[in-house]
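**Student:** I am attaching a structure below and will ask some questions about it afterwards.
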Amino acid sequence: MALLPILEFPDPRLRTRAVPVTAERIADSGFQTLLDDMFQTMYDAPGIGLAASQVDVHERFMVIDVSEEKNAPQVFINPEIVAKAGEQVYQEGCLSVPGIFADVTRADAITVRFLGRTGAAQELQVDGLLAVCIQHEMDHLEGKLFVDYLSPLKREMVKKKLAKAKRNAA
Ligand code: ZN
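This note's numbering puts the first residue of the sequence shown at 9, with every later residue one more than the last.
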């Protein structure tokens, strides 16, 4: 397994719209290794979700583990939200926007259809943090980031803050 580099805002590659994953791709051992690497990268960061887009792979899948014990890895391939209900506000962060947190309003409960890591079709009804995380990661697959929900002024401040942090780290 290996740690993968994570793209950071405002890297234009994060704006790429991902394409569906094919059955052949899921059957490929390289794809399964990539999933393992993504979990390792996410746990190491540490984070609770990582979309393929964030490691510069522009295909529709993501890995998630919202458990306290970090023992409930979930793979979502070609996810599709088929129902949503209610609203919740959660202070989100993102491995591609390090050190920045902001309130985002999303659906409280969702029904999501997807393929699991072996390609089996699944449907889940979830709410709370897992629902937030799935919606956040699915945004990545569309080339969208949580800072897009902020005002243009706030987004500009985030950009400057990250650029400054990068300069200080160099
Ligand atoms: Zn993110």
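Where is the CB? At the ideal position from N, CA and C, for every residue including glycine.
In the structure shown, what three-state DSSP assignment does P160 receive?
**Tutor:** P160: helix per DSSP, three-state reduction.
**Student:** Between the beta-carbon of F17 and the beta-carbon of E100, is there less than 8 Å?
**Tutor:** The answer is no: Cβ separation not under 8 Å.
**Student:** Using the C-alpha atoms, what's the distance from I118 back to G124?
**Tutor:** Those two C-alpha atoms are separated by around 17 Å.
**Student:** Comparing the CB of H144 with every heavy atom of the ligand ZN, is any distance shorter than 7 Å?
**Tutor:** Answer for H144: yes, Cβ within range of the ligand ZN.
**Student:** Would T113 be called buried (16 or more neighbouring beta carbons within 10 Å of its own) or exposed?
**Tutor:** Per the 10 Å Cβ criterion, exposed.
**Student:** May I ask whether a heavy atom of the ligand ZN can be found less than 7 Å away from the beta carbon of C141?
**Tutor:** It does not: the Cβ of C141 is nowhere closer than 7 Å to a heavy atom of the ligand ZN.
**Student:** I108 by DSSP, collapsed to three states: which one?
**Tutor:** Coil at I108, not helix or strand.
**Student:** If you drop the 5 nearest sequence neighbours on each side, which residues of the same chain put their C-beta closer than 6 Å to that of A60?
**Tutor:** Around A60: E67 and F69.
**Student:** Does at least one heavy atom of the ligand ZN sit under 7 Å from the Cβ of H148?
**Tutor:** Yes, Cβ of H148 sits closer than 7 Å to a heavy atom of the ligand ZN.
**Student:** Using DSSP with H/G/I as helix, E/B as strand and the rest coil, what is P87?
**Tutor:** The answer is strand: DSSP assigns P87 an E or B state.
**Student:** Beta-carbon within less than 6 Å of L132's beta-carbon, same chain only, minus the 5 sequence neighbours each way: which residues are those?
**Tutor:** Answer for L132: V120, listed in chain order.
**Student:** How should G38 be labelled, buried or exposed, when 16 other C-beta atoms within 10 angstroms of its C-beta is the threshold for buried?
**Tutor:** That one is exposed.
**Student:** Tell me whether E100 sits in a helix, a strand or coil according to DSSP, three-state version.
**Tutor:** E100: strand per DSSP, three-state reduction.
**Student:** How would you write the range of the beta strand (DSSP E) that M70 sits in, first residue to last?
**Tutor:** F69 to I72 is the span of the beta strand (DSSP E), which, as asked, contains M70.
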